[in-house]
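A.B. asks: The numbering used here runs 306 ahead of the 1-based position in the sequence shown. Idealized CB from N, CA, C, for every residue including glycine. After the structure tokens below, expect a handful of questions from me.
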Amino acid sequence: MAITTRFGVTLAGSAGDDLVEAAVAEAHEAAGYGVDSVWMGQRLDYDAIGLAGIVGTRVPGVDVGVSAVPVFARHPLLVSSQAQTAQAATGGRFHLAVALGASPIVEQAFGLPWERPVARLREFLSVLAPLLRGEAVEHEGELITARSLLPTHVPGARRTPLLVAAMAPKALRVTGELADGTVPYLAGPKALAEHIIPAITAAAAAAGRPAPRIVALVPAAVTTDEQARRTMADGLSFYTQFESYRRVLELNDTENPVDLALIGDEDHVAKGVREYVEAGATEVVLTAHHDLDADTQSRTRRLAGELAKAVRSPSPG
């Protein structure tokens with residue numbers, strides 16, 4: 307595996323009756339195993355950036371990431387404030403990913419029209435990226451207006467890495483031009499190698515930017531229990547209702563997302579992870595479903611840590 311490869315896990319926060327404490331406990335365990343990073347998604351219950359700030363403050367020595375905050379129903383000035391606060395709290399270990407989201411959720415949950423999503427993403431990144439570098443903004447676009455009328459830099463906050471959960475060609479082009487990389491989910495090795503990575507890399511090169519980060523979120527469960535596959539299948543079926551995920555599954559010659567899940571013992575999952583690294587992923591984040599039993603989640607975190615430690619201290623020869 308390439309020396310630059312990093313390995314992380316998502317946090318489920320599913321144990322006990324306090325999600326924050328459960329997420330912190332999982333992060334402690336994952337950090338103890340040696341993972342490079344822990345990640346959390348944005349949902350409609352907890353605030354992912356706030357949770358990341360808490361986890362990063364209480365768990366030293368591990369990066370914390372959010373994947374991904376939808377750009378609809380949010381303003382880049384306020385997202386920047388949240389992100390910089392988390393960055394200052396974690397001592398520079400916070401990573402932010404944003405996303406377009408999905409039209410049914412934007413329209414039904416937020417009550418907003420799904421209009422010109424890629425144009426909105428471009429304007430959002432055009433404002434957010436300089437803010438995360440500590441710069442003031444003066445932007446009056448077609449969809450977003452943002453001005454630094456008050457201070458917009460948080461003292462103590464280093465530059466926050468900015469990623470996008472982009473998988474479609476137009477979103478990848480904007481991401482390559484304006485952000486640091488992509489955080490694809492349910493994009494198998496073939497989709498990464500043949501479609502996603504070439505598109506974003508070309509866009510970054512054309513904009514004079516460094517090679518982008520490719521943080522692949524991969525459904526995984528280190529277990530030989532047959533029930534795990536059924537649990538993962540039930541959870542992953544949610545994504546088949548969204549066109550963006552159906553499209554990326556098709557690019558990998560896959561219809562059922564559970565067929566992309568790495569489910570098996572340590573050797574089986576590690577072999578599947580290597581395919582993502584060989585496809586060009588710079589970081590692989592194992593995403594064990596929150597409904598899996600605690601032992602399976604822990605075993606999955608342990609494997610991610612072992613993979614990370616193997617990269618940092620490769621065996622002789």
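Can you tell which of 338, 499, 350 and 407 has its C-alpha closest to the C-alpha of residue 315?
C.D. replies: 338
A.B. asks: Quick check: what's the CA-CA separation for residue 321 versus residue 328?
C.D. replies: 6 Å
A.B. asks: Alpha carbon to alpha carbon, how far is residue 573 from residue 498? Give it in angstroms, no decimals.
C.D. replies: Distance between residue 498 and residue 573, taken at the CA atoms: about 22 Å.
A.B. asks: Is residue 597 helix, strand or coil when you go by DSSP?
C.D. replies: Looking at residue 597 - three-state DSSP - the assignment turns out to be coil, as it is neither helix nor strand.
A.B. asks: Could you say which of 395, 594 and 524 lies nearest to residue 578 if we only look at CA atoms?
C.D. replies: 524
A.B. asks: So which of 608, 596 and 500 has the shortest CA-CA distance to residue 538?
C.D. replies: 596
A.B. asks: Using 10 angstroms around the beta-carbon of residue 342, count the other beta-carbons present and answer buried if the total reaches 16, otherwise exposed.
C.D. replies: buried
A.B. asks: Quick one: grab the DSSP three-state call for residue 333.
C.D. replies: Looking at residue 333 - three-state DSSP - the assignment turns out to be helix.
A.B. asks: Return the CA-CA distance between residue 545 and residue 575, expressed in angstroms with no decimal places.
C.D. replies: Between residue 545 and residue 575, the C-alpha separation is close to 22 Å.
A.B. asks: Quick check: the Cα distance between residue 331 and residue 369, rounded to an integer number of angstroms?
C.D. replies: 15 Å
A.B. asks: Please decide whether residue 524 counts as near chain B, where near means a Cβ-Cβ distance under 8 Å.
C.D. replies: The structure shown contains no chain B, having only a single protein chain.
A.B. asks: Would you kindly check if the distance between the Cβ of residue 430 and the Cβ of residue 490 is under 8 Å?
C.D. replies: no
A.B. asks: Who pairs with residue 345 in a beta bridge, going by DSSP?
C.D. replies: Paired residue(s): 316 and 371.
A.B. asks: Is it the case that the Cβ atoms of residue 469 and residue 493 are separated by a distance below 8 Å?
C.D. replies: no
A.B. asks: Taking residue 482 as part of the alpha helix (DSSP H), name the residues at either end of that continuous run.
C.D. replies: 475-484
A.B. asks: Where does residue 563 sit, in a helix, a strand or coil, going by DSSP?
C.D. replies: helix
A.B. asks: Between which two residues does the beta strand (DSSP E) containing residue 430 stretch?
C.D. replies: In this chain, residue 430 is not harboured by any beta strand (DSSP E); it is covered by the alpha helix (DSSP H) spanning 423-438.
A.B. asks: What is the rounded straight-line gap between the Cα of residue 425 and the Cα of residue 477?
C.D. replies: 9 Å
A.B. asks: According to DSSP, which residues form a beta bridge with residue 445?
C.D. replies: Under DSSP, the beta-bridge partners assigned to residue 445 are 452.
A.B. asks: I'd like the span of the alpha helix (DSSP H) that includes residue 362, first residue to last.
C.D. replies: 354-364
A.B. asks: Once DSSP output is grouped into helix, strand and coil, what is the label at residue 488?
C.D. replies: strand
A.B. asks: Give the secondary structure of residue 541 by DSSP, where H, G and I count as helix, E and B as strand, and everything else as coil.
C.D. replies: helix
A.B. asks: Pull up the distance between the alpha-carbon of residue 519 and that of residue 587, whole angstroms please.
C.D. replies: 8 Å
A.B. asks: Please tell me whether residue 495 and residue 402 are closer than 8 Å, where the distance is taken between their beta carbons.
C.D. replies: It is not a contact, given that the beta carbons lie outside the stated cut-off.
A.B. asks: Applying the 10 Å Cβ sphere with the 16-neighbour rule, what's the burial state of residue 410?
C.D. replies: Burial call: exposed.
A.B. asks: Suppose contacts are defined by Cβ-Cβ distances below 8 Å. Is residue 376 in contact with residue 414 by that definition?
C.D. replies: no
A.B. asks: Taking the C-alpha atoms as reference points, what is the distance between residue 614 and residue 390?
C.D. replies: 27 Å
A.B. asks: Please name the residue or residues paired with residue 400 in a DSSP beta bridge.
C.D. replies: 370
A.B. asks: Who are residue 380's beta bridge partners in DSSP?
C.D. replies: Answer is none; residue 380 lacks a bridge partner.
A.B. asks: If you drop the 5 nearest sequence neighbours on each side, which residues of the same chain put their C-beta closer than 6 Å to that of residue 593?
C.D. replies: 316, 523 and 525
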